[in-house]
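I have placed the structure first, in the form of structure tokens, so that the comments after it can refer back to it.
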Amino acid sequence: MVVDPLTKLAIITGDASQDIAIRLSQRLGCACVGSTTRVFPDGEAKITLESTPAGDEIIVVQSASPPVDSNLLRTLSMIHKARESSSRVIAVIPYMGYARQDREFLPGEIVTLEVVADLLQAAGATKIITVDMHSMAGLSKFEIPILNVSAMPALARHIKGTNLRDPLVVSPDMGGSARAALFAKMIDSDHTALVKERDRATGEVTLGKNDLSDVTGRDVVLVDDMISTGGSMIKSTELLKSMGCARIFVACTHALLVGGAEQKLIEAGVEEIISTNTIPAGTSKVDVSGIIADVITSNA
Ligand code: R5P
Numbered sequence: 070m071v072v073d074p075l076t077k078l079a080i081i082t083g084d085a086s087q088d089i090a091i092r093l094s095q096r097l098g099c100a101c102v103g104s105t106t107r108v109f110p111d112g113e114a115k116i117t118l119e120s121t122p123a124g125d126e127i128i129v130v131q132s133a134s135p136p137v138d139s140n141l142l143r144t145l146s147m148i149h150k151a152r153e154s155s156s157r158v159i160a161v162i163p164y165m166g167y168a169r170q171d172r173e174f175l176p177g178e179i180v181t182l183e184v185v186a187d188l189l190q191a192a193g194a195t196k197i198i199t200v201d202m203h204s205m206a207g208l209s210k211f212e213i214p215i216l217n218v219s220a221m222p223a224l225a226r227h228i229k230g231t232n233l234r235d236p237l238v239v240s241p242d243m244g245g246s247a248r249a250a251l252f253a254k255m256i257d258s259d260h261t262a263l264v265k266e267r268d269r270a271t272g273e274v275t276l277g278k279n280d281l282s283d284v285t286g287r288d289v290v291l292v293d294d295m296i297s298t299g300g301s302m303i304k305s306t307e308l309l310k311s312m313g314c315a316r317i318f319v320a321c322t323h324a325l326l327v328g329g330a331e332q333k334l335i336e337a338g339v340e341e342i343i344s345t346n347t348i349p350a351g352t353s354k355v356d357v358s359g360i361i362a363d364v365i366t367s368n369a
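Per my numbering, the sequence shown starts with residue 70, numbered consecutively.
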């Protein structure tokens, strides 16, 4: 199925995802309305659209990437504004901030993803598209339709073009082992997962007992949905290096790379970091606009 040729689309974008928004507008052949953001001395932001979007369906494109709360509020504001032009507003949120807060891990914790889901709907979004949402449990928090597309095939195609020697795909934690298995299948290799433990109070990561016998001399591809501080990947890299692996490539969809994580990963011995443009970074080597355009056209 393709977009009904009579359905006119228009895109609105904020500062966080201009690259994807422009590429998406080129793929969909529709206008992309930019915006300017003025931040007042007290921290409040005033967003002004560059023109009025004209479409039967308006697509608001903006990741909830750091600064997460600011970008989220700006996304909500653009959705709210889009509703003045159309009753159908798709929120394309390539990186869904707060997706890791999808359950009450410790007593009293607020499941903020539920709040985010309610706010997006209340602002006026009628459909959401996101990329590699942290968990399937997170998707269930949304009452409006949410489509989760995966960048893993595109990341795997990119990695496959690298001259890998006897590659092994490794997930830094057991929760990502299905992802690693799929990734391995796509690059014709095998896979394993490390045992990672995170202190829920401090956030500190430790690696549990890992019996890895077949890493010696092999190139490793560490795969995860996201890198934040890089702590998980650095600990994994140190372990795998100590066990005699060859080069380590790191692939993830969302490279938040906070607190100098990129430099720390390189210093830990990572050969290359490959991420997508859900969060623009020097490591963004894979474009997700094509998979987002496909899901928009096939679910019109
Ligand atoms: C957690 O389960 C995620 O999949 C990532 O492994 C985690 O968010 C990475 O965080 P950091 O880079 O700070 O270790």
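Note that beta-carbon positions come from the ideal geometry of N, C-alpha and C, so glycine has one too.
In this text, all values refer to a predicted model and were calculated from it rather than measured experimentally.
Using CA atoms only, rank isn't needed, just tell me which of the options is closest to residue i.
| i | options | result |
| --- | --- | --- |
| Gln-131 | Ser-353, Pro-349, Asp-363 | Pro-349 |
| Thr-352 | Asn-368, Gln-332, Pro-163 | Gln-332 |
| Ala-220 | Ile-361, Leu-78, Gln-170 | Ile-361 |
| Thr-322 | Gly-112, Asn-217, Glu-173, Leu-208 | Asn-217 |
| Asn-279 | Pro-163, Glu-273, Glu-307 | Glu-307 |
| Glu-173 | Val-274, Ala-270, Ser-297 | Ala-270 |
| Arg-371 | Ala-168, Val-137, Gly-193 | Because the chain in this structure spans residues 70 to 369, residue 371 falls outside the shown range and cannot be described. |
| Lys-77 | Glu-336, Ala-123, Gly-230, Ile-89 | Ala-123 |
| Asp-283 | Gly-272, Thr-261, Leu-233, Gly-329 | Thr-261 |
| Ala-100 | Met-202, Asp-171, Asp-125, Leu-188 | Asp-125 |
| Arg-316 | Asp-201, Gly-299, Asp-235 | Asp-235 |
| Ala-160 | Gly-83, Glu-178, Ser-204, Ala-324 | Gly-83 |
| Pro-222 | Gln-95, Ser-344, Ile-91 | Ser-344 |
| Met-205 | Val-184, Leu-233, Gly-245, Thr-231 | Gly-245 |
| Gly-328 | Gly-338, Val-184, Pro-136, Leu-276 | Pro-136 |
According to DSSP, is residue i part of a helix, a strand, or is it coil?
| i | result |
| --- | --- |
| Ser-155 | coil |
| Met-70 | Low confidence applies to Met-70: its pLDDT is 41, below 50, so where it sits in the model is not reliable, and the reading given next is rough at best. Met-70 falls in the coil class under three-state DSSP. |
| Asp-111 | coil |
| Val-364 | helix |
| Asp-259 | strand |
| Leu-291 | strand |
| Ala-160 | strand |
| Ser-246 | helix |
| Val-239 | strand |
| Arg-267 | strand |
| Ala-284 | Checking the sequence shown, residue 284 turns out to be Val, not Ala. Of the three classes helix, strand and coil, the one that applies to Val-284 here is coil, per DSSP. |
Please indicate yes or no: does the CB of residue i lie closer than 6 Å to some heavy atom of the ligand R5P?
| i | result |
| --- | --- |
| Thr-298 | yes |
| Met-205 | no |
| Ser-301 | yes |
| Lys-171 | Reading the sequence as shown, one finds Asp at residue 171 and not Lys. No, Cβ of Asp-171 sits at least 6 Å from all heavy atoms of the ligand R5P. |
| Met-295 | yes |
Would the beta-carbon of residue i fall within 7 Å of that of residue j?
| i | j | result |
| --- | --- | --- |
| Val-289 | Met-302 | no |
| Leu-118 | Ser-104 | yes |
| Ser-60 | Ile-197 | Outside the shown range of the chain (70 to 369) lies residue 60, about which nothing can therefore be said. |
| Lys-265 | Asp-242 | yes |
| Thr-106 | Ala-114 | yes |
| Val-108 | Ile-81 | no |
| Ser-86 | Pro-163 | yes |
| Val-355 | Leu-251 | no |
| Ser-134 | Asn-140 | yes |
| Val-274 | Lys-310 | no |
| Val-129 | Ile-148 | yes |
| Thr-181 | Gln-170 | yes |
| Ile-256 | Ile-228 | yes |
| Ala-249 | Ser-240 | yes |
| Val-364 | Val-200 | no |
| Gly-299 | Leu-325 | no |
| Lys-150 | Ala-186 | no |
| Ile-89 | Asn-346 | yes |
| His-203 | Ala-168 | yes |
Can a CB atom of chain D be found closer than 7 Å to the CB of residue i?
| i | result |
| --- | --- |
| Gly-103 | No chain D appears in this structure, which consists of one protein chain only. |
What ranges does the beta strand (DSSP E) occupy inside the stretch 299-356, keeping only unbroken runs of at least 3 residues that lie completely in it? Entirely contained in the stretch 299-356, the beta strand (DSSP E) runs reaching 3 residues are, in chain order, 317-324, 341-345, 353-355.
| query | Which whole runs of the beta strand (DSSP E) in the stretch 167-234 are 3 residues long or more, in chain order? | reply | Fully enclosed beta strand (DSSP E) runs of 3 or longer: 196-200, 215-218.
Where in the stretch 74-128 do unbroken runs of the alpha helix (DSSP H), each at least 4 residues long, occur, reported from the N-terminal end onward? Within the stretch 74-128, the complete alpha helix (DSSP H) runs of at least 4 residues are 87-97.
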